[in-house]
Amino acid sequence: KPFWLKLASLIQGSTLVSFRIARAPIMDKVMPVVGGLAGLFVASKIVPVMYRWELIPGIASDAWWARHATIRFDHYTEGIIYSPYDTGDPIREMPEECKGKMLLKSKRGGWKLQTEMEERS
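Count along the sequence shown from 1, add 30, and you get the number used in our numbering.
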């Protein structure tokens with residue numbers, strides 16, 4: 031008989047089934063350990079990336095603290111100039127096309143552009 035026929039008869043025979051049944055209690059103890067080790071391996075690859083990308087709540091990366099040290103917090107009375115991209119060097123002066131476009135609340139409670147408020151005074 032060829033080898034593959036002998037192997038097929040072993041698989042279909044009762045000896046292999048009884049071997050699988052005898053092995054089941056061992057697998058109940060081994061598989062949780064294998065799963066735990068796999069989880070630790072995956073966590074060791076994912077957690078450093080989460081730290082660098084600042085995805086862990088309440089924890090700031092070293093890059094965040096370095097960037098925080100360069101921020102000037104004394105401009106809070108001068109307004110904010112938004113930039114679509116953080117290039118590392120923030121816009122410090124308002125562009126010409128933006129001047130006079132700030133919304134101001136009037137004394138009567140309405141909202142008006144800065145240029146409309148300057149026309150009245």
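Think of the CB as a built atom: it goes at the ideal place given N, C-alpha and C, for glycine as much as any other residue.
Kindly list the residues whose CB is nearer than 6 Å to the CB of Met80, restricted to its own chain and excluding five residues on each side of it in sequence; keep chain order.
For the purposes of this step, residue 80 is identified with residue 50 of the sequence shown, where counting begins at 1. If the five residues before and after Met80 are omitted, its C-beta is found closer than 6 Å to the C-beta atoms of Ile86, all from its own chain and listed in chain order.
If you reduce the DSSP assignment to three classes, tell me which class Lys75 lands in.
Locating residue 75 in the sequence shown gives position 45, counting from the first residue. Looking at Lys75 - three-state DSSP - the assignment turns out to be helix.
In three-state DSSP terms, what is Leu67?
Residue mapping note: residue 67 aligns to position 37 of the sequence shown, counting from 1. Helix.
Would you say Lys59 faces chain B, with C-beta separation under 8 Å as the test?
The structure shown contains no chain B; it holds only a single protein chain.
Need the endpoints of the alpha helix (DSSP H) that Trp95 sits in, please.
By 1-based counting over the sequence shown, the position of residue 95 is 65. Run containing Trp95: Asp92 to Thr100, per the alpha helix (DSSP H) assignment.
Assuming Lys142 is part of the beta strand (DSSP E), what are its boundary residues?
Looking up residue 142 in the sequence shown gives position 112. First-last of the beta strand (DSSP E) with Lys142: Trp141 to Leu143.
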